[in-house]
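J.: This is the structure I have questions about; it appears just below.
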Amino acid sequence: ISNKVKAMLSDHEARVKVLIDHKVMNVVYSVIAHRELGCQMSESAFMLAQELLHGANSCCQTKVAELINADYENTFLTKMIERIDLISDEIHEQRRLQRKEPTDEAIKVFEVGIATMQYLQGLCENHFRPNQDLLRTQRGHAGSIDVIKSVSDLSLLFC
């Protein structure tokens, strides 16, 4: 990578860190966790979460781990499971109706699914163990949600 590109990436990362330091990630996390899946605000917050993660991966990974640890009711991870279940339900519906081509609605659901999988992958990139563990089990929370198992189950549907 050229020095100019490296400088641009470094500048972008610094700007994202400023946003995270000013608690923008806290607001984004809260909106995703507490708004209805599919509403414009929730989807916009999710898009911003993706951009923050992409822009300053390690900084954002650490912040999300802190937020998940503090989310004793697992509201955020519940929303991630809802997003995964939406994809699973759509796959079952496509098969039930024996559709050869997906509908426009199905394509939108699959796009949400792709974004969700990319986000979850980004949380774990570079072997970021805290998020890998948190996506599997959340000790001390009201219950434990295994996002990894849900993703694995979803991948079996594609076979």
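Numbered according to our numbering, the sequence shown spans residues 505 to 663.
Note that CB positions come from ideal geometry on N, CA and C, so glycine has one too.
1) Where does A574 land, buried or exposed, given buried means 16+ other C-beta within 10 angstroms?
2) Measure the alpha-carbon distance for S514 versus V651 and round it to whole angstroms.
3) Could you tell me the distance, in whole angstroms, from the CA atom of A518 to the CA atom of Y576?
4) Assuming H516 contacts G626 under a Cβ cut-off of 8 Å, what Cβ separation, rounded to an integer in Å, is found between them?
5) Going by the beta-carbon positions, is the gap between I585 and I649 smaller than 8 Å?
6) Expressed to the nearest angstrom, what Euclidean distance is found between the alpha-carbon atoms of Q554 and M621?
7) Is it true that the segment 559 to 568 meets the segment 590 to 608, where meeting means three or more beta-carbon pairs spaced less than 8 Å apart?
8) Is the distance from the Cβ of V520 to the Cβ of L552 below 8 Å?
9) Helix, strand or coil for G644? Go by DSSP, reduced to three states.
10) For L541, which residues from the same chain have a beta carbon less than 8 Å from its beta carbon, with the 5 sequence-adjacent residues on both sides left out?
11) Among residues of its own chain, excluding the 5 on either side of F614, which ones have a beta-carbon nearer than 8 Å to its beta-carbon?
12) Can you give me the C-alpha to C-alpha distance between G644 and L638, rounded to a whole angstrom?
T.: Taking the definition as stated:
1) Taking the first residue of the sequence shown as 1, we reach residue 574 at position 70. Under the 10 Å beta carbon count, A574 is surrounded by fewer than 16 other beta carbons and is classified as exposed.
2) Locating residue 514 in the sequence shown gives position 10, where the first residue counts as 1. Locating residue 651 in the sequence shown gives position 147, where the first residue counts as 1. Their backbone Cα atoms lie some 31 Å apart in a straight line.
3) Position 14 of the sequence shown, counting from 1, holds the residue named residue 518. Position 72 of the sequence shown, counting from 1, holds the residue named residue 576. A518 and Y576 have their alpha carbons spaced roughly 30 Å apart.
4) The count along the sequence shown starts at 1 and reaches residue 516 at position 12. The count along the sequence shown starts at 1 and reaches residue 626 at position 122. With a Cβ gap of about 15 Å, H516 and G626 do not count as contacting.
5) Position 81 of the sequence shown, counted from the first residue, corresponds to residue 585. Position 145 of the sequence shown, counted from the first residue, corresponds to residue 649. Pairing I585 with I649 gives a Cβ-Cβ distance under 8 Å.
6) Counted from its first residue, the sequence shown places residue 554 at position 50. Counted from its first residue, the sequence shown places residue 621 at position 117. Approximately 11 Å between the Cα atoms of the pair.
7) Judged by Cβ distances under 8 Å, the segment 559 to 568 makes no contact with the segment 590 to 608, as fewer than three pairs qualify.
8) In the sequence shown, the residue the question calls residue 520 occupies position 16. In the sequence shown, the residue the question calls residue 552 occupies position 48. Their beta carbons are not under 8 Å apart, which means V520 does not touch L552 by this criterion.
9) Within the sequence shown, numbered from 1, the residue matching residue 644 stands at position 140. Note: G644 maps to coil in three-state DSSP.
10) On the sequence shown, residue 541 is found 37 positions in, with the first residue counted as 1. Counting only residues of its own chain and dropping the five nearest sequence neighbours on each side, L541 has a CB closer than 8 Å to the CB of K583, E586, R587 and L590.
11) Residue 614 sits at position 110 when you count from the first residue of the sequence shown. Taking F614 as the centre and dropping the five residues before and after it, the same chain places the C-beta of I591, E594 and P606 closer than 8 Å to its C-beta, in chain order.
12) The residue you call residue 644 lines up with position 140 of the sequence shown. The residue you call residue 638 lines up with position 134 of the sequence shown. The straight-line gap separating the alpha-carbon atoms of G644 and L638 is approximately 11 Å.
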